[in-house]
Structures are given as C-alpha cells and as structure tokens.
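Protein chains in written order, with my numbering: chain W, 67 to 422; chain S, 943 to 1540; chain C, 59 to 399; chain Z, 2 to 111. To start, the structure itself, in structure tokens.
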Amino acid sequence: MINEGKKRIWKDYQKEIADDRYFYVRSCIRQNFFPASEKAFLRIMQEELKKDVFENAAHTTCSGIGYHSDVVPFDTTMTVIARQFSLMTESGNENLVTSCITSFGLYNEVLETWKHFPDVLKKVRGYLKTATGREFEIPKNVAHASDVIFRFRKEISAIGVNRLVHHETGRPLKVVEHIGCHYSKMFPSKGVGGAEYPYVLVGMVEEWGGEVIDYPERRHCCGFGFRQYLVRANRGYSLANSKKKFESMKPYKPDFILTNCPGCPMFLDRWQYTLSEMEGVTYGENGRGIPVLTYEELAGLILGYDPWDLGLQVHQVPVEPLLDKMGIQYDTSRKFLGKDGQDLGRPDAPSVLKFF
Amino acid sequence: MISFNLFVLPFSLGLIYLLYMIIRWWYKWVKALPEEDRNLFKAGIFSKKFLSALKEIFSESLIHRKMFRRNALLGYMHMSFALGWFLLIVFGNMESRIYSTSHVNPPYYPIFLKFFIHDKTVLWFEINTVPGFFRFLMDFLLLFVLSGLILALIKRGKSRWFGLRRTTNSQLTDKVALTCLWLIFPVRLLAESFTDGYYGGGGGFVTQHLGNFLALIFQESSRHIAYALWWTYSLALGIFFVTVPFSRYWHIPTELLLIFFRHFGITSRKFSTSFTHVEIGACSRCGVCIDVCQLGSAARIHDIQAVYFIRSVRDEQVNRDIALRCLVCGRCQEACPVGIGADTIRLIERNTFSGTHDADFSYLPASFPRKASVIYFAGCMTHLTPAIIKAMKGILKQAGVDYLFLDEGGTVCCGRPVILSGKHDQARDLIEFNKERILRSEAHTLVTSCPICLRAFREEYNLPIRVLHHSHYILELIKAGRIPLQAVHRKVAYHDPCDLGRGSREYSAPRELLSKVATLVEVSQEGKDALCCGGSLGIYTVSPRKRDLITKDALEHLEASDPEVVATACPLCKKTFAKHAQVEVLDIAEIVYDAIPV
Amino acid sequence: MAKTVVIVGGGVAGMTAASRLADLGEKVLLLEREEEIGGHLRNWDRLFPNRRPGSEVLHDLKETLGNRVEIRCNESPGEIHSLQSSFIVELESGEKITCDAVLMATGFDLFDARRKEEYGYGIYDNVITSADLERMLRSGSPVTTSAGKAPSRVGFVHCVGSRDEKAGNLYCSKVCCVTGVKQAIEIKEHLPGSEVFGFYMDLRMYDRHFEEMYYEAQQKWEINFLRGRVSECAENEDQSIVLKIEDTLTSRPLKMTVDLLVLLVGFVQKPETVRIAKLLGISIGEDRFLECLDEHTRFNYTGKPGIFVAGTSRGPLTIANTIADAGEAALQIHNYLKTLK
Amino acid sequence: MINFGYTAHKERLIDYDKNDKRVLEHLKKHEPSVLTCIACGSCTATCSAGQFVDFNIRLVQTLLRRGEIEPLKQEIRKCMLCGKCILVCPRGVNMRNLILAIQTAIDKLK
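Shown next, in the form of structure tokens:
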C-alpha cells in the first residue's frame, strides 16, 4: 500500500465541517440497535468538547427507509426533510448533524436536487407551508456525526485515557473500518476522503493509535440494503454480503470492526451469530467473533467511559477480548444490570459462537 | 527303431510349443464367441462352407492371389515362401515314407531326413525312380523358396519394385523371427549339401553337386560342418516357432481361423468379440495399408496407420491419438489383402478414448410431420451449402414430386458423427427421434443429400422404406423422363465421397447421372480408390493445417486432367474443397439443376 | 533572426517533418521542450508489431535528420504572434523568431492513471502502467512485483482512460490494444511460467500484422483474453491485486487475483498544446485534439493559414502513421510557402 | 444448527483463484486450438443442437477457460457432435475433439 497515494486522494476530498452549534437529528433505528451511541455522542460533544448541540423532540424520521423501500414518494420525503430544516431554522441553527448515514445521504440528495432544480425547492416550500405553515432555510453545513467526531479526533485523543494499542505488547490494534454506503458512494465529495478510500474513520483510528486494515472487500456493502433485509425471502442476500466481507477480512486477524452507519454494525455484529448457527463458522480468534463498534462507542472507550454505560453489553459478539487488549477495566458482574442496577438476567449462550 | 539325435530337440520343442499355442488360442477364441456366432461355427464345420474355406485358404494363404493382383513380385515372394514351404513339408513327408519302417514318424524325421538317410543306391539324375524323383522335387522346391528369399532381401532396399512406398517398421520379436526364417532355408541347403557331399551320394541335382564341391574343399571336416549346420537348422526352426506367437508371423495360423469364421458367416459387431481378436491377430503387417493412408502420404502422420493401430491394439498399447486420429475413409480396409475391418476395430477402440460422454438429448421435442410419399432430408452440413438445397428443391419441383422437406426447420443429427466417436449407444436417442419422424410421415422413399446421413440411415435405422442418396434418386427421375435436360457439356471430374462410395457402394449412379449432363474426365484415384477430401468427421485429433494438406492432395488428383468443374455428392466434401479448389466445386444436384432448360 | 518554418515539438512527427522540409530546401527551427529530441519514443523499449527496438527507429530518424536543421532543446514557445503572412514565435527564453509557417507537432501526454482511482494506481504497489512496464523492459532488469518477486499472474487492463466517458475521453487511443498484446507476449518471454490475462472491451487489431500477433498471443503464448471491463481493484494481504470484472462471455461477475496489474493508458492532449491553440485561435475538438480542415484531404491544415498540424496532437496515431502524416505535412508546408513568394 | 428460514445465498461469482484449471491444462495438450477462440459465436449460431435447446458451444469454451467444471459438464451433454461448428469457425477450433477431450479430462479428474 502506497500511503502517499491515498493521502493525495484524501486531499482532493476535503470537506467543510462546522466546529460548533450543531442541530442534531437522530436515527430511527440506532436507538434500538445501539441505544447508548447517540447518548455518548451528546456527552462527548457537550461535556468533553463543550460544544452546543441542539435537538428538537418534535423531529421525525427522514423517511429514508420508506423512501429506499419504495413506499414513500420523493415529494413526501422532501417535505419531511424540509420540516426537519424548519425545526433547525426555528432553533436559530444552520449546521445540521445527522446520526444516520441514510439520512445524511438523503439530506444531500434532496439538497442537490433543489440546487439543480430550484422550482422543485419552490414546490416543496409550498407543500411544507400548506401542510404545516412552516418555513425553512437551507442548512449552511450538513455533516454526519462521524464527520464531527473526525473533526475533533485530535482533541479527543488529547483528553483520552485509552489508546488503540495492545496495553501489554504496545502493538497497534488492527481495525477494519466500514463506511455506510450512503455516506459517500452517492456523493463522493460529501464524505471525508471520498468514496473509494473514505478517510473519516481511518482518521480516528490513526489518531487514536490503531492501524487500519485494507482488505479486498473493504468497499463492499454490509448487506443491510433495505429491500434485502426487510423481506425475509431476500435475507439470504443480506447475509451473503456480510459473509463475503468476513471471509475477506478474516486472514488479517482484525481486533475489531469500526462502523459509522446504523445498519452496518447491526448486521456485521448479528450476522456473525447467524452464520455461526447456520454454517458453524466464526471469524474471530479461537471460536469468538470479531467485535463491532460504532464510532461513538469507540470514542467513548478512548475517553474512558464505562463499557456498560456505552451499551456494549447489547452486542451479539462480546467485546471483552477487545477491552482486555486495550487494558480497559470492566466489572463482569455489572454487564447485565439494567438502569439503577436491576438484574436483566443473562441471555442464553449461542451454540457455536463463544459468548461468555 | 526310430533314428534320433540331440540336435532335433530345438525343432521338436519349438514345434510342440507352437502347436500348443495355436490350439490354445483357437480354442480360446472359438469359446469366447458370442452365443450366436458359436452356433454358426458349430454348424459351419460340418457343411460345404468348410470346403469353400479350405479353397480360400489355398488360394489366399498359399498362392496369395490378392497379392499377385496387387503386384506380381510381391505375390510371388509370398507364394514362394508359403506354398514352397508347405509343399516341402508335404513331399518331405512322402519321401520319408520310402525309408521309414514305422508308421508313426516323429515330425522331425522328414525334416532332417537327409541327416538320417544316405541312400547311395539311387543317383541324383535317376529321376525316373521314386526316390530320385523326390530328391529332384525337394531340391526344386528348396530353390523355389530360396528365390522368394532373394526377393525378400531385394525388397528390403527396393520396396518400390514391390509396389510399396513405405514398409512396416518391425519390432524386436519380428526381427528375431525374420532372421530365423531367412536362415532356415539357406542353412537347410548347406546342411543337406555338406551331408550328401561327405557321404558322396543321397542328394538331389542341387544338393549333390554343391555337396561334392564342398567335400572337395573341406574334406574330412565337412562332416563336422554338416553336423553344426544341422544344429543351426534345427535351432533356426525352433526359435522361429517359439517367436511366432509374439511376432507378425502369428498372422499365419490366425488367418486360417479367420477364413473359417468368415465362411461360417461370422462377422464383426459393434463391440469387441473374438472375431475382432482374430482379425487383429490375422494382420500380417504387410504394410499395404500404409501407402493408401492419406494421413501418411499427404499429412505426414506416420504412426497411426491400420497396421500400427492393429498392432497397438494387440499389444494393448492403444492411446487416444492413435484411436481418434483416423479419417475412417475406408481406404485401408479396401486395400487389405486379409480384408481386415480396420475402421470397425478403430471405432470399437474409440469407445475407450472418447470419454464417458453421457449425451442427453431429452430436449428433442416430439414432432408429427405431415404425410408424404417422399421425404427429403438435407442433413446438418447441407444447411451450410444452400445451393444444394436450392437445387434439390428445384429438381423435385420440376419432377412434380410430392415430398416433405423433413429437416427444413433444423436438422437433428443422423447419429453417425456420434457413432464415429465410438459411442454407439449414445446415438440411440438421435436415431430414434429421426426414425420416428420418418415413419410417421408414412413415406416410401427417403432421399438425403448427405452421404453421412445415408450411411447412418442404411446401417443404423433399418427402415422399412427405400433410402437413397439424391444422386441415385435424381437419376431415377431422369430415367422416368420427369426431368427435361439439356446437357451442358462441361468437363467434370467426379469425387467419390467416402461414405457414398466405399461406405455405401454407390459408384455408378453418380457417374451415370453426370454423364447425362456433362463430360466426365478420368481421375487417377477414383471409385474404390477415391481419396478423402480431408473434411472427414471420422477424424478427431487433427489440426486444420493437416486437413488442408489432405484436401490439397485430393484436389491435385481431381484437377490433374484440368476439368472445368470438380463435382462431388457430399456437402462436407464440397465445403472442404471450396477452400482450396482452383476450379468451381459443385454438387451433382447443382449440375443437374443448371441443366434443366428454363 | 528569420526562419521559414518553426516546428513545435521534436518527437517523431517533428523530426520527420524537419528532415523532409530540409530535403525540400526549407530553413527549419525545431523546438523541443525536453533536454533531448525523440519524444515518447525515447521511453519505449520495442515497437509493435515487429518488435523492432524503439531506439533503432529513433536512431534512423535522427540520422535522416542529420545536422541539416537547427534544433533547440529545453525550448518551447511562450507566445506566438501572427502578422500578415508571417509569425513571431516568442520563446520562453525571451528570444523572438520570425517565420512564415508554424508546424504544431506537439504530440500527446499519456493518460494519468491515478484518475481511475478504482484501479488503485499510485495506491497499490503492484498496479503499474504500460509506460512503467516499458521502462522496466528497457532497463533490461527482470519484470518483478514491488516485492522483487517474479509475478506468477499478470493482468493487462485495456482502455484505461480511453473510451471512457467517466475519464472525459470518449475516443479510442488506437495503439493500446496492440501494445497490450505486445507487452503480454513480452511478459511471457521474460516469465514463461507466468499466466497472463488481457481484460478488454473490444480488441481492435485494425492494422497489418496486428491480428496475426493476437493469434500468436493466444496460440503460441497461451495468453488469456477475458472480455469485460475491470470495475475495481483491491489489495490482498500479500500486496497482490484482486480485481472484479464481469466475464461478459458467461454473463457472470468474476474475481481474480493477479500479482501485477498493467494499465494500458491511452493518449490525451497536452494542456500546453491547448494553450498555444487558444493563442493562435486554432479550433480544438471535443476530445481536445487539434482540429484539421478536413479529415481526408487537408488533415495537416488548421483553420489558420500558415499554421499546420502533424502527428498525435491531432489525435492518436501509430508511429508509422505519424511518420507518414508528418511527411505529408512537410510537403503541404512547402507548397504553402511557394504561394507566399 | 438453527433454521432461520433462509440461508446465505451462493454467489454467482466465478472465483477464478479457486476454480479448477486441470481440464484446461489437459485441453491445452490434447486440443490446443481451443486457445484461439475469439468468442465470435458463429459456432453457436450454426449449432444443430442449438436449434432445439439452449446449448451454447461458444460458452463451453469460455467455461472451460474459467474452470467452471460443473456447468461445463452439463453443457457438453447436449452436443450432437455433428461438426457444423468446425466448418464455420474463423479460428479453426476443433470443436468435436474439444467435446470428447473435455469429457475425457473430467473422467480423469474423478
């Protein structure tokens, strides 16, 4: 790998990221998949970096899942998004930060559409006005939450207590970074580092002492693909995609997978279990899986947050091996304690994948 | 008492061994015959067929009639050996009777008679006496054989005199047997001469004089020389007998059995039977098949000719190339003096080397053609020569034939190409499919433009209707006055397609037909001897370049008498020739069609 | 100082035109921006289809040129002013040259393979261009992977930067197909044990002996040709390249690992040529190559009297075609000059 | 093992690195003309069997080069060996031996 070559491309795909006063729009599904991630993001921004992040409880889905599943027409989608913008405008903000990659892609898609077809924008303003009486401004800056973490990776590194190195050997941890398709495959210029060699997660990993693995199927989709996953008959395609990636990354013995999309961590994590039950295969060391983290969870670990406060206990592939490598202390007895310490009970162990 | 001497042992043991081998193998072969054939054999022995077989054995195995027809020198050479030796044995026996007291003579007694008997009472010129006559006869026969031997020696260097361009290259056992065979008679001559000379009598007009002369030179020692020579003679015979079963000379006993088989009505089948084994054994490796093979003469491939192929079968040395690299043009079969069906054996062997091709033709749709009295079946290849189809349509229309163009919408292969791969069974589905359609049409005549199809229809389909090549059918129509013709007198050289000529014995019809519309010119190699165009479907492993060489060679013969047109009766030949021909290449049908006045 | 003709560019076209003009008795100044004349030919090892050493051809051209014309290396025109029937060529050195005609023989640039990001040139160690390979072959050192090992499988990607709307080049560069076949054969000559693949959309063996070379490549050298356009490349743990392609002949996606991947880069116009063209008001095609008055009969004439064009600055050409083109140009210029007197 | 009601779909991908090239090696020895195919498709167009069933002899040669043995095996069973394809091939590929040789090679691998 010739890194100068990559760096040159990264230079070509620099992206403007606001440095404060963000209007944060949430993801529909991450709350369920990785509940603590968005919370961690707010905590990092507000408590650690002392930034203003605004939210509005009234904000809704961007309708992306419906849109990509062909059940919501584009006009509706644009109007829904216009409403999000109006909430932002009302809060006196102009920097939009999305938690969801699909939303991020869709916001960009809509903004590009409006840029090229002003009359469509006019039309949508009309729809929103008649439907809700609201008005809105086009955001000055649209970023994905991972862009923002990327922007402040150095700061996080500075105040962080953990690093991506083996605490005994000092060996940099090997990381597979996986970017959500909608992050930059639609608009390479909208993502840090473009579409072929996105830099947003690489930047974090490098800054925090890790080492990125560039494996052949790096570009390949995790397999979420709404149509694939939502319809059971198609679910095999979804699974096959993840499998393709696992088989391609396995020889590199990655210590964990880092993602920036709601779907990817979900599927890269859960499908490892499914495949182990279906075909008896595991992709990590000695019968374990490869831990999968969201960038917020990772940032949290760097900053020394308690793994269980980061929701790592809801992962299907146990993260303990990773924590051990990083030398992070954790209290096993607390793993399955819920809010205020009530016992949630222990899940059944999978038959193949090592869990406990 | 019976005379005996140690030196007779090699001969006797060798003879016993040879007889044992012959009986053993003949028994084996007859026993292994398929039920049907075995019954034919049993029936044959006690019938006139037995005698007719003996007759052929005499004319072919002793006189070598076919060989004579091919080349007088070659024939004489074979005859002098076979007949001469045979008579030496017969008369030798008679002669020995004169002196022998016992009724059971050991076989060596007549062979070495002169060693045991020195009858000075009768002199060499008294041929009016019985012993004298025999002495004369025996010496004469010996000369007869030796003359053959001399020819054989000449043939080594000057094979062309014997009508052979190339001769079979022999194996070690062949060489040993050959050396012994060549030794036998000169040594016998010397042995007898020395003996007669030493004893001063008992010899014939050759042996006695030569003997006396030798005695003059060698005096006393000639006795010892004689004795040494008798040993050599016996050894030569013994060793020859022992090597026979492992050398080309094995064909002598095997051919006898083959002749009986043939006369009893036993023939080759689609799979290997003892008949096949006997045929293989009966190959004398005379090498006649080498020259007629175009792969050798034109394409310079010299290791696959029938003689080598058959040898490789016998030694279980067949390989994929030798099995699949053959035009199956039938020229070697035609030329073989023993009449061995080399092509048939080749196809049988191919089965092993064409892979377990489990063809699946289940996709063929059942179809119900309309009824018609005549069916025209163009064939796969003919669809690549539209001119032939156009001509046929025109001719049939002109003659007002109610016909059905069976494969107009696309041909289902006749099955012969698959059969040529040795996979006879694999062709079944194709054959069944076509057969059904043919029968459903209730036609009484099937006409095809493709000799390959023609052969398949005739040999594999056993159809209850007439199967004709178009040349034959068109001739019929003309004779019936159904096609008006105005002869266009172009010089035409006719090429016999392998599967039409040698394959289906259709030589006259095409020629008669052509002579009605054109002027036929002589072709150096025609009829049975016609050359293959090189396009043959019989050969699998050959490069386009080699094919070209064969085609060009065939064209040279056809174009020698510079005709205006090269006529053929096979779409494959036509397309193959078209690539290199200097003159126009037309199918017979096209020529006739052009001759129809508009 | 006065000259009859100024030739911009000392490559194959420039050298040829110069010597022809000299034959015709014209006074010529040949400008070459590099330190030496010869153009791309200097970097090429052997030439298709007869694999004659490029150095040999270059030597021939130089010899016929002899010292009959003035050659200035490390020189290129900054400005060109047109007067009534003559031009003033202002060199970068500041020197001004008056002349009656200018021949644009500025040649071409090779497509910058880095622009096809997905192929990973400049990112993966074992992705090289056809030019890199020629350099390797010319140096005489063995063809190896970046790790110095003999590659056991080598791939050639055809049409890199040509026939590619994404690269902004819709045209065919004409010479890459046969170059690919030539280089594939050379790989097999150097590494008989290796397996060589050509990934192509069409193989355009349009000129004499090209098709035969293709046939030889298949038959004698057992080079494999796979019809499909490489969509992306990735690097394996061992630096080998895994590429994705549709095997259009089976209509299925195909994945293959190669130890060395050669990108057959096409022709593109030189920005410098475009600049001068704008300066002179010569029209430029959609493909940025210089337009001539007529593709069939007046292909050395630009729209502007006195300004002529020859060689690859007006579109991809083989060396043979370039020489013929430049010869014709020389004759046309000679005739033009006669009309002036 | 649990039945989830779906399984990971088998890839349509040709995995060239994993595929079996032994049949091709055998063919290079016994019918080298196969190397010269330029996939013009004349053979398939004239094919007798092709009139009745989806049989693509051009594809046979490609599958062979890719080492796709299973489909190859199934495909060649449809061939009638009639030899029309040989007459139209611009590169002189000897299709009839190709079919037999492929079969022989596959047998050997067993």
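Even for Gly, the Cβ is constructed at its ideal location relative to N, Cα and C. Note that the structure is a prediction, hence the values are computed from the model and not measured.
Exercise. Using the C-alpha atoms, what's the distance from S/Ala-1520 back to S/Ala-1119?
Worked result: 50 Å
Problem set entry | Local conformation of S/Val-1260 per DSSP, three classes | coil
Exercise. Does DSSP put C/Met-314 in a helix, in a strand, or in coil?
Worked result: strand
Problem set entry | Unbroken alpha helix (DSSP H) run spanning S/Thr-1294, endpoints | 1284-1295
For this session: Examine chain B for any beta-carbon lying closer than 8 Å to the beta-carbon of W/Gly-353, and answer yes or no.
Result: Of the chains in the structure shown, none is chain B; the protein chains are W, S, C and Z.
Exercise. Just the Cα atoms here: how many angstroms apart are C/Asp-283 and Z/Val-35?
Worked result: Before going further, note that residue 283 of chain C is Phe rather than Asp in the sequence given. Each residue's Cα considered, the two are about 12 Å apart.
Exercise. Shortest alpha-carbon distance to S/Leu-1106 belongs to which of S/Leu-1025, S/Ala-1157, S/Arg-1227?
Worked result: S/Arg-1227
For this session: Please work out which residues of its chain come closer than 8 Å, Cβ to Cβ, to S/Lys-1056, disregarding the five sequence neighbours upstream and downstream, and give them in chain order.
Result: Ala-1133, Glu-1134, Thr-1137, Asp-1138, Gly-1144, Gly-1145, Thr-1149
Exercise. Exposed or buried, which one is W/Pro-413 when buried takes at least 16 other CB atoms within 10 Å?
Worked result: exposed
Problem set entry | Collapsed DSSP secondary structure at W/Pro-282 in the structure displayed | helix
For this session: Please state whether DSSP places C/Lys-336 in a helix, a strand or coil.
Result: helix
Exercise. How is S/Arg-1607 classed by DSSP in three states: helix, strand or coil?
Worked result: Outside the shown range of chain S, which is 943 to 1540, sits residue 1607 of chain S, and nothing can be said about it.
Exercise. What residues of chain S sit near Z/Cys-83, judged by a beta carbon separation below 7 Å?
Worked result: Cys-1322, Cys-1355, Pro-1359
Exercise. For chain W, is any of its Cβ atoms less than 8 Å away from the one on Z/Glu-12?
Worked result: yes
Problem set entry | Host alpha helix (DSSP H) of S/Ile-1201 (start-end) | 1193-1205
Exercise. So S/Cys-1268 and S/Ile-1481 are in contact, right, with Cβ under 8 Å, and what is the actual spacing, rounded?
Worked result: 6 Å
Exercise. Between S/Cys-908 and S/Ala-1277, is the Cβ-Cβ spacing less than 8 Å?
Worked result: With chain S covering only 943 through 1540, there is no way to say anything about residue 908 of chain S.
Exercise. In the structure shown, what three-state DSSP assignment does C/Cys-291 receive?
Worked result: strand
For this session: Note the first and the last residue of the continuous alpha helix (DSSP H) segment covering S/Cys-1122.
Result: 1114-1141
Exercise. The stretch 1243-1257 of chain S: which residues have C-beta closer than 8 Å to a C-beta of chain Z, in chain order?
Worked result: none
For this session: Flag this pair as yes or no: are the beta carbons of S/Pro-1311 and S/Ser-1383 separated by less than 8 Å?
Result: yes
Exercise. Under 8 Å, do S/Glu-1291 and S/Val-1255 count as touching if we go by C-beta distance?
Worked result: yes
Exercise. Quick one, are the C-beta atoms of C/Ile-340 and C/Thr-360 less than 8 Å apart?
Worked result: yes
Problem set entry | Same chain only: Cβ atoms within 8 Å of S/Asn-937, ignoring 5 sequence neighbours per side | The structure shown has nothing for residue 937 of chain S, since chain S only spans 943 to 1540.
Problem set entry | W/Ser-342 vs W/Leu-389 beta-carbon contact at 8 Å | no
Problem set entry | Whole-number beta carbon distance between C/Pro-374 and C/Val-233, since they are thought to touch under 8 Å | 6 Å
For this session: Using a cut-off of 7 Å between C-beta atoms, extract the partners of W/Lys-72 located in chain C.
Result: Ile-181
Exercise. Do you know how far the Cα of W/Leu-367 is from the Cα of W/Trp-374?
Worked result: 10 Å
Exercise. Is there contact between the stretch 1148-1164 of chain S and the stretch 1185-1204 of chain S, where contact requires at least three CB pairs shorter than 8 Å?
Worked result: no
For this session: Would you list, in chain order, the members of the stretch 1510-1532 of chain S that have their beta-carbon closer than 7 Å to a beta-carbon of chain Z?
Result: Lys-1517
Exercise. With a cut-off of 8 Å, does the C-beta of Z/Leu-98 fall near any C-beta of chain S?
Worked result: Per the sequence presented here, residue 98 of chain Z reads as Asn, with Leu not at that position. By this cut-off, Z/Asn-98 is an interface position.
Exercise. With C-beta atoms as the reference, is S/Cys-1122 less than 8 Å away from S/Phe-1082?
Worked result: no
For this session: Kindly indicate which residue of W/Glu-70, W/Tyr-90, W/Tyr-133 has the alpha-carbon position closest to the one of W/Asn-122.
Result: W/Tyr-90
Exercise. CA-CA distance, S/Glu-1401 and S/His-1366?
Worked result: 12 Å
Exercise. Are the C-beta atoms of C/Val-70 and some chain W residue less than 8 Å apart?
Worked result: no
For this session: Closer than 9 Å by beta-carbon distance: list the chain W residues that pair up with C/Ala-242, in chain order.
Result: Correct list: empty, because the minimum Cβ distance to chain W is about 24 Å.
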